[in-house]
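Let me begin by presenting the structure, written as structure tokens, before commenting on it.
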Amino acid sequence: MRPLYRALACAGALVLTGMGPARAATEIEFWHAMSGALGERVDELVKKFNDSQKDYVVKAIPKGTYDEVLNGTIAAYRAKRQPEIVQSNERSFLTMVNSGAIVPTADLMAEQNRKLDPSTYIAPVVSYYTINGKLQAMPFNSSTPILFYNRDHFKAAGFDKPGATWQELEPQLNAIKDKGISKCAMVLPGDYEWSFLENYSAVNDIPYATKRNGMDGLDTSFVFNKGKLVGQVERMKRLIGSGVMQIAGQGVIPVQLFTSGECSTIIASTATHAAVVAAAKFDWNAAELPYEQGVTPRNSVIGGAALWTLKGHTPEKYKAVAAFYDFLAQTDTQVWWHQATGYVPVTVPAYEAAKAQGYYDKNPTRAIAVVQLMRGTPTDNSLGFRIGNSNQINVAIMEEVSAAFLGRKPVQQALDDAVSRGNESLRRYEQLNAGKK
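Per mature numbering (1 follows the signal peptide of the UniProt record, and there is no 0): the sequence shown = residues -24 to -1, 1 to 413.
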């Protein structure tokens, strides 16, 4: 048989037998900010998806810190070389929404006939990433702060556990310090604006900014220089001044002061579990955030990040993105991610599944953040914080509050100045984004 006839015959045989050349899987890129052990978990997660089907391949590509990922994404988008998916932290929500570069997750899933039910998600998680009832980004790694404590130190001071309120906890911290049980009773986390100010406001149901903390529009203004939060900062200054609370020095990671046994407590993200489990050589435990006496505590608010879908790709690419998001939303996936990383499961069914497995019986501290996030119905003060120029404003707030800690300004003046600087930045953001979300 001549070569041409042989080729035609083989092609005909393939048609007759229903065979054909294998269709290449659609490949998409997922840029993220996870490193170390968390980066390994992302790789494992992506491999699970890739192995679960043959139509799509996700390539997970670490791109540095959240800021570096965002800056790299902006440059790539301008050069028309953007990835399909990018991980961006909650602080950059308005930046992403107002960029004109994203495909809302709700639209993507609807167009691809993929069901995504927001009502199954933990309320403070889904509300944060939703505008006008439409989910903008895919919730991914969500966390919230909790109180980690050295149980040995509390027992040595005569306490079974930390008090639930600040009025109970502060005397305990003083006793631990006064008895010389540890060098410091509490270490101040590097992100204290999130854990000690924003979450304090949410848990105690007090306003941090107008317009439901920015949820209702860009014309929001800070108001945290009034009421209970002034007392919170005065308390922090008092604890720092007496040596009960320690500010970590340059180059020192605050959680290391806790895991080394030098400091007795730290308020930190539930994702800190991994570091505590790996390094703490003492009997430790965790508890919900303390609140003010006489208050019915509300839910805390989230940190972490979500996945954003970028414009400029083919329909086949978006099918792959939707399939990946569908995989992420599955209960089994959420349970695995929660248990492997320490982040909270973002859906209620995943929390219930982990509970049914007995996971929290063996790991009771892993349930604290979830229970705290699900506590009651979110109020206008505990839905979350949607602030423009958030990263820059947080730096300004912490500069002013730190000035109070160091005695350079009275607390009230520091908070007034923080509000003033923050509001100036908010007005600039509002002017630049007039007519947007």
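Glycine included, every Cβ here is placed at the ideal spot set by N, Cα and C.
**Prompt:** Helix, strand or coil for A282 per DSSP?
**Reply:** Here the question's residue 282 lines up with position 306 in the sequence shown. Judged by DSSP in its simplified three-state form, A282 adopts strand.
**Prompt:** Once you ignore the five residues that flank K110 on each side, which residues in its own chain have a CB closer than 7 Å to its CB?
**Reply:** Here residue 110 is taken as the residue at index 134 of the sequence shown, counted from 1. Excluding five sequence positions before and after K110, the CB atoms of its chain that fall closer than 7 Å to its own CB belong to P80, A82, given in chain order.
**Request:** Measure the alpha-carbon distance for Y319 versus G237 and round it to whole angstroms.
**Result:** Locating residue 319 in the sequence shown gives position 343, counting from the first residue. Locating residue 237 in the sequence shown gives position 261, counting from the first residue. Roughly 24 Å between the two C-alpha positions.
**Item:** Q222 classed as buried or exposed, judged by whether at least 16 other C-beta atoms fall within 10 angstroms
**Value:** One-based indexing of the sequence shown puts residue 222 at position 246. Under this definition Q222 is a buried residue.
**Message:** Just to confirm before moving on: does the CB-CB distance between A281 and S64 stay below 8 Å?
**Reply:** Within the sequence shown, residue 281 is the residue found at index 305, counting from 1. Within the sequence shown, residue 64 is the residue found at index 88, counting from 1. Result yes, Cβ atoms of A281 and S64 sit closer than 8 Å.
**Asked** For residue 416 versus P273, is the C-beta distance shorter than 8 Å?
**Response** Residue 416 cannot be examined here, being either before or after the span of the chain that is shown, -24 to 413.
**Within 8 Å, strictly: CB atoms of Y176 and L205** = In the sequence shown, counting from the first residue as 1, residue 176 sits at position 200. In the sequence shown, counting from the first residue as 1, residue 205 sits at position 229. Contact: yes.
**Prompt:** Going by the C-beta, is P354 closer than 7 Å to any heavy atom of the ligand MN?
**Reply:** The ligand MN is absent from the structure shown, which contains no ligand whatsoever.
**Prompt:** Hey, how far is the Cα of W142 from the Cα of K213?
**Reply:** Working through the sequence shown from its first residue, we reach residue 142 at position 166. Working through the sequence shown from its first residue, we reach residue 213 at position 237. Looking at the backbone, the Cα of W142 and that of K213 are separated by about 14 Å.
**Asked** Can you round the beta-carbon distance between S171 and A255 to whole angstroms, since I take them to be within the 8 Å contact cut?
**Response** To locate residue 171, count along the sequence shown from 1; it is residue 195. To locate residue 255, count along the sequence shown from 1; it is residue 279. About 20 Å separates the two Cβ atoms, so there is no contact after all.
**Item:** Reduced DSSP category for Y327 - H, G, I as helix; E, B as strand; rest coil
**Value:** As a first step, residue 327 must be located in the sequence shown, where it is residue number 351. Residue state, collapsed to three classes: helix.
**Prompt:** Helix, strand or coil: how does DSSP classify T196 here?
**Reply:** Translated into the one-based positions of the sequence shown, residue 196 becomes position 220. Under the three-state reduction of DSSP output, T196 falls in the coil class, being neither helix nor strand.
**Status (buried if at least 16 other CB within 10 Å, exposed otherwise) for T120** = The residue labelled residue 120 in the question sits at position 144 within the sequence shown. That one is buried.
**Request:** Using the DSSP secondary-structure output, state which residues sit across from H8 in a beta bridge.
**Result:** By one-based count along the sequence shown, residue 8 stands at place 32. For H8, which the question treats as bridged, DSSP gives the partners P38.
**Asked** Taking the C-alpha atoms as reference points, what is the distance between G(-13) and F300?
**Response** If you number the sequence shown from 1, residue -13 lands on position 12. If you number the sequence shown from 1, residue 300 lands on position 324. At G(-13), the pLDDT of 43 sits below 50, so the modelled position is not reliable and the matter cannot be decided from this model.
**Message:** Alpha carbons only, please: which of Y97, A86, K24 is nearest the one belonging to K295?
**Reply:** In the sequence shown, residue 295 corresponds to position 319, counting from 1. Check the Cα spacing between K295 and each of Y97, A86, K24: the tightest is with A86.
**Request:** Compare the Cα-Cα distances from K257 to each of C160, D128, R351 and report the closest residue.
**Result:** Within the sequence shown, residue 257 is the residue found at index 281, counting from 1. Taking only the C-alpha atoms, the option nearest K257 is D128.
**Prompt:** What runs of the beta strand (DSSP E), each 3 residues or longer, lie entirely inside the stretch 246 to 282?
**Reply:** Qualifying beta strand (DSSP E) stretches, in chain order: 260 to 263.
**Request:** Look up I229 in the DSSP assignment and say whether it is helix, strand or coil.
**Result:** As a working mapping, residue 229 is identified with position 253 in the sequence shown. In this structure, I229 counts as coil in the three-state DSSP scheme.
**Message:** For M114, tell me which candidate among A379, K385, Q315, L304 has the shortest Cα-Cα distance.
**Reply:** For the purposes of this step, residue 114 is taken as residue 138 along the sequence shown, with counting starting at 1. Nearest option by C-alpha distance: L304.
**Request:** Just mark R188 as buried or exposed, buried being the case when its beta carbon has 16 or more other beta carbons within 10 Å.
**Result:** In the sequence shown, the residue the question calls residue 188 occupies position 212. R188 comes out buried.
**Message:** Count Cβ pairs between the stretch 343 to 350 and the stretch 364 to 371 that sit closer than 8 Å; are there 3 or more?
**Reply:** Short answer: they don't touch.
**Request:** Return the CA-CA distance between T106 and Q112, expressed in angstroms with no decimal places.
**Result:** Within the sequence shown, numbered from 1, the residue matching residue 106 stands at position 130. Within the sequence shown, numbered from 1, the residue matching residue 112 stands at position 136. Between the C-alpha atoms of T106 and Q112 there is a straight-line separation of about 6 Å.
**Asked** Enumerated in chain order, which unbroken segments of the alpha helix (DSSP H) with a length of 4 residues or greater are wholly contained in the stretch 103 to 185?
**Response** Complete alpha helix (DSSP H) runs here, min 4: 127 to 132, 142 to 154, 175 to 179.
**Message:** With H, G and I counted as helix, E and B as strand and the rest as coil, what does DSSP make of S64?
**Reply:** In the sequence shown, the residue the question calls residue 64 occupies position 88. Note: S64 maps to strand in three-state DSSP.
**Asked** Quick one: what's got a C-beta closer than 7 Å to D392's C-beta in the same chain, skipping five residues either side?
**Response** Start at 1 with the first residue of the sequence shown, and residue 392 comes out as number 416. Same-chain partners within the cutoff: N201.
**Asked** Any idea what DSSP makes of I363, helix, strand or coil?
**Response** For the purposes of this step, residue 363 is taken as the residue at position 387 of the sequence shown. In this structure, I363 counts as coil in the three-state DSSP scheme.
**Coil, strand or helix - Y294 by DSSP** = Along the sequence shown, read from residue 1 onward, the residue named residue 294 stands at position 318. Collapsing the DSSP output to three states places Y294 in a helix.
**Message:** At the level of alpha carbons, what is the spacing between G270 and G76?
**Reply:** In the sequence shown, counting from the first residue as 1, residue 270 sits at position 294. In the sequence shown, counting from the first residue as 1, residue 76 sits at position 100. Distance between the alpha carbons of G270 and G76 is about 45 Å.
**Prompt:** Do T307 and N117 have their C-beta atoms closer together than 8 Å?
**Reply:** Reading the sequence shown from its first residue, position 331 is the one you call residue 307. Reading the sequence shown from its first residue, position 141 is the one you call residue 117. Going by C-beta atoms, T307 is not nearer than 8 Å to N117.
**Item:** Per DSSP, cross-strand counterpart(s) of M221
**Value:** Mapped onto the sequence shown, residue 221 falls at position 245. As computed with DSSP, M221 is found in a beta bridge with M162.
**Asked** Is it true that the CB of V395 sits closer than 8 Å to the CB of V209?
**Response** As a position in the sequence shown, residue 209 is number 233, starting the count at 1. As a position in the sequence shown, residue 395 is number 419, starting the count at 1. Contact flag unset, no.
**Same chain, Cβ closer than 7 Å to P(-4), neighbours up to 5 away in sequence not counted** = The sequence position of residue -4 within the sequence shown is 21, counting from 1. Low confidence applies to P(-4): its pLDDT is 49, below 50, so where it sits in the model is not reliable enough to give any reading.
**Asked** If you run the structure through DSSP and keep just helix, strand and coil, what is P(-4)?
**Response** Within the sequence shown, numbered from 1, the residue matching residue -4 stands at position 21. The pLDDT assigned to P(-4) is 49, lower than 50, so where the model puts this residue is not dependable, and the model offers no usable value.
**Message:** Classify E264: buried if its beta carbon has 16 or more other beta carbons within 10 angstroms, exposed otherwise.
**Reply:** Residue numbering aside, residue 264 sits at position 288 when the sequence shown is read from its first letter. Its Cβ being crowded by 16 or more others within 10 Å, E264 is buried.
**Prompt:** What is the rounded straight-line gap between the Cα of residue 414 and the Cα of V34?
**Reply:** No answer is possible for residue 414: it lies beyond the span of the chain, which begins at -24 and ends at 413.
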